[in-house]
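Just below is one structure, and these are the notes that go with it.
Residue numbers (the working numbering): 7 to 272.
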């Protein structure tokens, strides 16, 4: 069955941390593609400093253009109300019934999943790939499984057999897979996937951009150029951002999408 990865977020702005996460997951699991899905109205954020949806969409499309494994899905832009992950996953199931979607999120977000809208049910309508942050390792992942999905059973560590991909999937050291039976569309898989992390946050980039600092290499060139081209609109939105301490991003061991919580649509 075709497999499609989903990486949701506000992407305010999209940056190298988002892209490296998507690429690392694509190389490890070899899905048909990974979609970056910008939220229209993130339930967990005020939205006062959020760039317009169409601009964030343009930034994303520019960012993923060089990467054949990555795509952008604008489905949230046409739907009213908050961008709930439940609705996103159901929309994927309806639009591509022959595909098996998997949702990518960080370890801390996975542990808090039952507090999301219909959160405890989410792993029963799609596979989940959990990429840990520092301090949120396999023990926390297993504890969350035991607490909220006790019927999940360990699977062999070998990755799933890819279908219609450019190459074989490969086992990542420390990767764990658990089978969750009885889902709405059949059994689902919960995967713990330790990957290299770029400790970059969108809030850090917003602060640097407002100070006139150089954010090249932290964002793709096309994103930097679009931000410059729309500087007045960007400044009006981001001027509402909270002050951010001056700090440079640093590499970190294994972790998730980005260090601020702008990845999940919840």
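Every residue, glycine too, gets a C-beta built ideally from N, C-alpha and C.
Please read all numbers here as calculations on a predicted model, not as lab measurements.
Following the DSSP letters along the chain, one finds residue 159 in no alpha helix (DSSP H) but inside the beta strand (DSSP E) bounded by residues 159-161. Put simply, the stretch 131-149 does not touch the stretch 36-55. Fewer than three CB pairs are less than 8 Å apart.
For residue 182, the uninterrupted beta strand (DSSP E) segment begins and ends at 182-186. The beta carbons of residue 56 and residue 13 sit no closer together than 8 Å. In the structure shown, residue 70 falls within a helical segment according to DSSP collapsed to helix, strand and coil. Here residue 241 is exposed. Its C-beta has fewer than 16 other C-beta atoms within 10 Å. According to the DSSP secondary-structure assignment, residue 133 is paired through a beta bridge with 108. Contact between residue 137 and residue 69 is absent: CB atoms are separated by about 19 Å, not below the 8 Å threshold. DSSP lists 39 and 107 as the bridge partner or partners of residue 10. The C-beta separation of residue 154 from residue 126 comes to about 6 Å, placing the pair in contact by the 8 Å criterion. Here residue 113 carries a helix assignment [DSSP, helix/strand/coil]. Note: residue 78 is bridge-paired with 42 in the DSSP secondary-structure output. The DSSP-derived three-state label of residue 198 is strand. Rounded to the nearest angstrom, the gap between the Cα atoms of residue 92 and residue 98 is 10 Å.
Of the residues assessed, residue 158 falls on the buried side of the cut-off, its CB having 16 or more other CB atoms within 10 angstroms. Non-local C-beta neighbours of residue 29 in its own chain, meaning closer than 6 Å and more than five positions away in sequence, are absent.
When secondary structure is reduced to three states using DSSP, residue 204 falls in the strand class. Residue 106 places its beta carbon less than 8 Å from that of residue 8. Cβ atoms of residue 222 and residue 247 stay farther apart than 8 Å, at about 20 Å. Look at residue 225 here: in three-state DSSP terms it is strand.
Looking from the CA of residue 79, the closest CA among 88, 94 and 90 belongs to 94.
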